[in-house]
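Undergrad: Questions regarding the structure given below will be posed in turn.
Protein chains: 2
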Amino acid sequence: GDAAAGKAKAAVCAACHGSNGKAQIPTYPNLAGQNEQYLVVALKAYRAKERSGGQAAIMQGQAAALSDTDIANLAAYYSGMK
Amino acid sequence: GDAAAGKAKAAVCAACHGSNGKAQIPTYPNLAGQNEQYLVVALKAYRAKERSGGQAAIMQGQAAALSDTDIANLAAYYSGMK
Chain A
136 GDAAAGKAKA AVCAACHGSN GKAQIPTYPN LAGQNEQYLV VALKAYRAKE RSGGQAAIMQ
196 GQAAALSDTD IANLAAYYSG MK
Chain B
136 GDAAAGKAKA AVCAACHGSN GKAQIPTYPN LAGQNEQYLV VALKAYRAKE RSGGQAAIMQ
196 GQAAALSDTD IANLAAYYSG MK
């Protein structure tokens, strides 16, 4: 993935997951430094509605707007963050 | 949660997520330093089978064996790890 393109796409993510990849909300995950391939798996699982319950509906909606390329780019961006 | 009790319960977790909370498998998440409350949410979602697809069945099985107290203790353990 292209981390610079991911950053450009990440403004909406930052509202909950922090501009530094540290979640602002304790029930939400930090993303900074997370495994790149796991981030791809997780985003695709939300997009496929394989994650539900709790606040998962928010991520289902967000991920629905993402292409495979967007997901790869976002994963590169957050995994590379310290 | 009680981090020491969590550590005692975490031997099986370490096989995939690392004894240092850094996953040995790139498609699996690091847990070290993750938000405690998020870890509780995620484990309960797996236990409730609200996460499926891919390798989620592995975590459904693992989480099925955990009580609410176990989950709280594991979350305390991994969230406190650097």
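Heads up: the protein sequence lines correspond to chains A and B, in order.
Position 51 (the first sequence) corresponds to 186 in this note's numbering; numbering is contiguous.
Position 32 (the second sequence) corresponds to 167 in this note's numbering; numbering is contiguous.
All residues carry an ideal CB built from backbone N, CA and C; glycine is no exception.
Remember, it's a predicted structure, so these values are computed and weren't measured experimentally.
(1) Assuming residue 214 of chain B and residue 174 of chain B form a contact by the criterion Cβ under 8 Å, report the distance between their Cβ atoms to the nearest whole angstrom.
(2) Beta-carbon within less than 6 Å of residue 194 of chain B's beta-carbon, same chain only, minus the 5 sequence neighbours each way: which residues are those?
(3) For residue 169 of chain A versus residue 165 of chain B, is the C-beta distance shorter than 7 Å?
(4) Please classify residue 139 of chain B as buried or exposed, where buried requires at least 16 other C-beta atoms within 10 Å of its C-beta.
(5) Taking only beta-carbon positions, decide if residue 195 of chain A is within less than 7 Å of chain B.
(6) Find the residues of chain A that neighbour residue 165 of chain B, judging by a C-beta separation of less than 9 Å, and give them in chain order.
(7) Going along chain A, which residues have a C-beta under 7 Å from residue 188 of chain B?
(8) Spatial neighbours of residue 144 of chain B within its chain, please: C-beta separation below 7 Å, excluding the five flanking residues on both sides.
TA: Taking the definition as stated:
(1) Going by Cβ atoms, the distance from residue 214 of chain B to residue 174 of chain B rounds to 6 Å, so yes, they are a contact pair.
(2) Correct list, in chain order: 181.
(3) Here residue 169 of chain A is near residue 165 of chain B, since their CB atoms are less than 7 Å apart.
(4) Only exposed fits residue 139 of chain B, as fewer than 16 other CB atoms lie within 10 angstroms of its CB.
(5) Between residue 195 of chain A and chain B, the shortest Cβ-Cβ separation is not below 7 Å.
(6) Per Cβ cutoff of 9 Å: 168, 169, 170, 173.
(7) In chain order: 180, 183, 185.
(8) Here the set comprises 205, 208, 209.
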